[in-house]
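Reviewing the structure listed below.
Chains as they are written, first to last, in my numbering: chain A, 1 to 156; chain B, 157 to 226.
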């Protein structure tokens, strides 16, 4: 966001999501980038306000909240996601990979499962194994660029 | 800022095959209700008007180990 929109907001890393959002409510930090699950109780209490989401599309859980990508022309294409998915050992036969993918997709279409994901701030995104591989490659490239641009070093 | 290289016993890019994405977890940007910001566009305008005076928190679970505002 800072690099795209020319803002200069200081990053304060926290160990856990709960203190990270609580300190926004108390005014110790101005804002937090948080998963919905951690912020929701404080939003419902009226202490925090959700003003943006970092996905390119709106979250079904927060239909009135605009993506950051739409907040300024310079932020077009901005997206920052945490995501969960399955991997298997590289030697797994492709027929098995396809079958496992089918099982996950069936699960994601199940109403009870999608409701459980919903309250955790997770948005199901159905992909074939090939689309998922391309997604992982694109994420890897994006974070590689961020690491290079922000001059982030690996520490052992 | 730094990333930490734990001793990984495998190379995920070489030794794993992608099977299925389950879901994405977007970050939600929250401010205190006392902050005069109601929308994403107002957030950016506020951040530009207050350069160097604002801060944001994040935690590893929500953001992996890279900073979402960088």
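Even for Gly, the Cβ is constructed at its ideal location relative to N, Cα and C.
Between residue i and the rest of its own chain, which residues show a CB-CB distance below 8 Å, the 5 nearest in sequence each way excluded?
| i | result |
| --- | --- |
| residue 62 (chain A) | 36, 50, 53 |
| residue 184 (chain B) | none |
| residue 2 (chain A) | 8, 9 |
| residue 60 (chain A) | 118, 123 |
Roughly how many angstroms lie between the CA atoms of residue i and residue j, to the nearest whole one?
| i | j | result |
| --- | --- | --- |
| residue 130 (chain A) | residue 191 (chain B) | 44 Å |
| residue 14 (chain A) | residue 96 (chain A) | 40 Å |
| residue 219 (chain B) | residue 179 (chain B) | Bear in mind that a pLDDT of 41 at residue 219 (chain B), under 50, signals an unreliable position, so the model cannot answer this. |
| residue 169 (chain B) | residue 202 (chain B) | 40 Å |
| residue 8 (chain A) | residue 99 (chain A) | 47 Å |
| residue 112 (chain A) | residue 32 (chain A) | 30 Å |
| residue 46 (chain A) | residue 27 (chain A) | 14 Å |
| residue 11 (chain A) | residue 214 (chain B) | 8 Å |
| residue 126 (chain A) | residue 135 (chain A) | 12 Å |
| residue 142 (chain A) | residue 82 (chain A) | 13 Å |
| residue 145 (chain A) | residue 30 (chain A) | 27 Å |
| residue 55 (chain A) | residue 181 (chain B) | 8 Å |
| residue 79 (chain A) | residue 87 (chain A) | 23 Å |
| residue 221 (chain B) | residue 139 (chain A) | Because residue 221 (chain B) carries a pLDDT of 41, less than 50, the predicted location of this residue cannot be relied on, and no value is offered for it. |
| residue 43 (chain A) | residue 85 (chain A) | 28 Å |
| residue 104 (chain A) | residue 176 (chain B) | 7 Å |
| residue 101 (chain A) | residue 172 (chain B) | 15 Å |
| residue 197 (chain B) | residue 153 (chain A) | 32 Å |
| residue 41 (chain A) | residue 119 (chain A) | 11 Å |
| residue 186 (chain B) | residue 174 (chain B) | 33 Å |
Can you pull the chain B neighbours of residue i, defined as C-beta to C-beta under 7 Å?
| i | result |
| --- | --- |
| residue 70 (chain A) | 196 |
| residue 8 (chain A) | 207, 208 |
| residue 121 (chain A) | 181 |
| residue 138 (chain A) | Correct list: empty, because the minimum Cβ distance to chain B is about 12 Å. |
| residue 66 (chain A) | 195, 196 |
Name the chain B residues that come within less than 9 Å of residue i, Cβ to Cβ?
| i | result |
| --- | --- |
| residue 23 (chain A) | 213 |
| residue 105 (chain A) | 176 |
Enumerate in chain order the residues of its own chain whose CB-to-CB distance from residue i is below 7 Å, with the five nearest sequence positions on each side excluded.
| i | result |
| --- | --- |
| residue 124 (chain A) | 108, 114, 117 |
| residue 76 (chain A) | 69 |
| residue 165 (chain B) | none |
Residues of chain B with CB closer than 8 Å to the CB of residue i, please, in chain order.
| i | result |
| --- | --- |
| residue 133 (chain A) | 173, 174 |
| residue 144 (chain A) | Neighbours of residue 144 (chain A) on chain B: none; closest Cβ ~11 Å, over 8 Å. |
Leaving out five residues before and five after residue i in sequence, what residues of the same chain have Cβ atoms less than 6 Å from its Cβ?
| i | result |
| --- | --- |
| residue 5 (chain A) | 72, 74, 75 |
Quiz item: At what residue ranges does the region 35-95 of chain A contain a whole run of the alpha helix (DSSP H), taking only runs of 4 or more?
Solution: 36-44
Quiz item: Counting Cβ pairs closer than 8 Å, one from the region 147-156 of chain A and one from the region 12-32 of chain A, do we hit at least three?
Solution: no
Quiz prompt | Validate contact between the region 88-95 of chain A and the region 64-80 of chain A using beta carbons, cut 8 Å, 3 pairs | solution = no
Self-check item: Every unbroken alpha helix (DSSP H) within the region 120-150 of chain A, with a cutoff of 4 residues, ordered by chain
Solution: If you keep only unbroken alpha helix (DSSP H) runs of at least 4 residues inside the region 120-150 of chain A, you get 129-149.
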